[in-house]
Every structure is written in C-alpha cells, then in structure tokens.
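Single-structure report; data block below.
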Amino acid sequence: MNNWNLKIDEFKESIHSSFDHIAKDILTNWQLKVDEQLFSFTEIEFYFFCELIHEDNFTHEHTYDAGLWRFHNQGVDITFQSTNISDGGILIRGMKSKDGYVNGPRRILETIFRTCGSVTSVQHQFGLVPAIDTSPITIYKTARHGLSKAEGNEFKDNPYRYYTDLENWDKKHVSESEKFRIKSNSNQL
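Just so we're on the same page, the working numbering is the position in the sequence shown counted from 1, plus 126.
Shown next as structure tokens:
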C-alpha cells in the first residue's frame, strides 16, 4: 500500500493530530476486502503507548511491525510499529457492506470468518484496498467504549474513538438510546 501512513508523531502535542489524520484516511479512503465482499469502516478506536509521553495502559503490548493484522480477545487491530518504548493499534469496531452494518469488535471477526466461507477453501483474499467511493463523510470522535475504570488512567475518556454514519448502525446491537449517548458526547473531526 503505497499511500498508507500509520506513523504516530511521538510528541505529546502531536499524537492527537496523528490519530485524527489516520482516522480520516481509514474511514474515507480504505475498505476491507474479504474475498469478493467489500466493507467500509464505520468505527475505529486508537490505542497507543509511548513511554514517558503517552502511557495509555489500555494498550495491549505487542512486537509487530506497522500495518499488520493482530487478532486478540477483544477483536482485531491494525498495528502501529512496535519499538522498545512504544506500541499500539487501531481496533476495528464497525463496518458496513452491501448487506448492512456490523457493530462490535467480536461481530467484526465473526463477519470476516463467515465471509471466508468453507474451512476447506484456501483461496482467500483479505486486506485493505482503496475505497471505491471517497465522497466526503462526516466523522466524529468520542471516548473509547467499554474501558474499565482503572485508577489513574488519564486516557480513559480521551476522544480516541472515531465513527461515521451512526444513525444507520444496526439497531439490534446499538440501541437508539446508546446512539443518542454516543452522539451527545462527540465532536466533529
């Protein structure tokens, strides 16, 4: 991916703008391709730890290069470059396809594997491709979802969750009252 940039500026005042830039790029310009099915991203969350600068303890420590898939108990991430002082990733929380919206990190995994079909098929395509429709969209940001109330973690309520198209999310998994709560605590990017 020649135009892919997952670089986080590791200066305290630049980290938020790095998140904003990457979120806008992913939500606007990229889709996930699973075999013949295309998924647009509708919700992502950022997790980033950098020693002495941005010590977000909600981040899962790893030793991956940038731009890899990382599967874990909460779902699937796109990784940031791991160094001896930093690591992190972008949790995929929501997608849409011609079949509708998928909300929730574990439902994302379920949808990906269901789309792959038979366990005996080994001819799969899986990865990010440039978006077909790059029409302007409205992107919002808010606090991340479902984090524990860990004492002393100043990052719990930071606006590291980015989303779009909230009004169309699956009503079975995101109630109207939850949508209202999300929207009322959000700012437009």
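Glycine is no exception: its CB is placed at the ideal position from the N, C-alpha and C atoms.
None of the values given here were measured: they were computed from a predicted structure.
Beta-bridge pairing of residue i - partner residues as DSSP gives them
i    : result
R287 : E171 and T268
H180 : C176
P256 : W156
V245 : Paired residues: none, contrary to the question.
F165 : L158
Helix, strand or coil at residue i according to DSSP, with G and I counted as helix
i    : result
H250 : coil
P231 : helix
M127 : For M127, the pLDDT reaches just 42, beneath the cut-off of 50, and the residue's location in the model is therefore unreliable, leaving the point undetermined.
N155 : helix
T209 : coil
N294 : helix
F197 : strand
K222 : strand
F145 : helix
I263 : coil
I238 : helix
Nearest residue (CA-CA) to residue i, options the options
i    : options                   : result
N311 : H250, R233, T268 and M221 : T268
F184 : A149, H271 and N313       : H271
L178 : F137, N313, Q157 and D291 : F137
Y100 : S303, N155, F172 and S166 : Here the chain has residues from 127 to 315 only, and residue 100 is not among them.
T209 : M221, H188 and D203       : H188
K282 : V255, Q207, I218 and E181 : E181
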